[in-house]
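Residues -20 to -1, 1 to 120 (mature numbering (1 follows the signal peptide of the UniProt record, and there is no 0)) make up the sequence shown, in order. Just so you know, even glycine gets a beta-carbon here, dropped at the ideal spot from N, CA and C. The structure presented is a predicted model; accordingly, all values stated were derived computationally and were not measured. Input: a single structure, listed below in structure tokens.
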Amino acid sequence: MLKITAVAALVALMAGCATSPVPTKTAVAVPHERVLAYQTSSPGTGTLSVTRDSGHTGSLCSVGIFVDGKVAALLKPGERVDLHVPAGSVVVGAAYQGRGICGMGADRQEREAIVTDGKVKNYRISTSGDGVLDILPTTL
């Protein structure tokens, strides 16, 4: 019963209006201390640029960005990170991170990203009104 109550509280805190897209060019760069991997550009890599939407839904929690199952960065609303990943097919994911209610969120959402050497691929993290994350390609 306690677990059901905790999950209900999590949903209530994260509920509300869906988030709003933030153009890649106007998003705030994530602070260096929250970029955990893929920081160095080198031959054979492309850039995976991930921007988290702005808005209150889910804003109490950081969102972890994963590349091939490894956490690469932690984003707050309105932030962007550029990750220098190996060219080719990678799996990019997003999940709530942290303690308490943030650690009780839904499963990680993942998508395949085809990254080209020397090119940038943009992704957007959105949160629906019921607190569910998604990560999708974007042209914004």
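Contacts around residue i, its chain only, beta-carbon distance under 6 Å, and the 5 residues preceding and following it disregarded
i, result
"Ile94", "Ser69"
"Gly80", "none"
Closest by C-alpha distance to residue i, when choosing among the options
i, options, result
"Thr20", "Val61, Arg91, Arg88, Gln77", "Val61"
"His64", "Thr118, Lys101, Leu120", "Lys101"
"Thr27", "Thr118, Lys99, Lys5", "Lys99"
Contacting residues, own chain, Cβ-Cβ under 8 Å from residue i (five flanking each side not counted)
i, result
"Ser42", "Arg14, Leu54, Leu55, Lys56, Tyr76, Gln77, Gly78, Cys82"
"Phe46", "Ala52, Val71, Val72, Gly73, Ala74, Ala75, Arg88, Glu90"
"Leu116", "Arg91, Tyr103, Arg104, Ser106"
"Val8", "Gly58, Glu59, Arg60"
"Ala86", "Ala75, Tyr76, Gly111, Val112, Leu113"
"Leu120", "Pro1, Val2, Pro3, Thr4, Thr31, Asn102, Arg104"
"Val10", "Ala53, Leu54, Leu55, Lys56, Glu59, Arg60, Val61"
"Leu16", "Val51, Ala52, Ala53, Leu54"
"Thr118", "Pro1, Thr4, Thr31, Asn102, Tyr103, Arg104"
Contact check, residue i vs residue j, beta carbons under 8 Å
i, j, result
"Val2", "Thr25", "no"
"Asp48", "Ala67", "no"
Residues of its chain near residue i, where Cβ-Cβ distance is below 7 Å and the 5 sequence neighbours each way are ignored
i, result
"Ser34", "Thr(-2), Ser(-1), Val2, Pro57, Gly58"
"Tyr18", "Val47, Ala52, Leu63, His64, Val65"
Cβ distance (whole Å) where residue i is taken to contact residue j below 8 Å
i, j, result
"Thr4", "Ser29", "6 Å"
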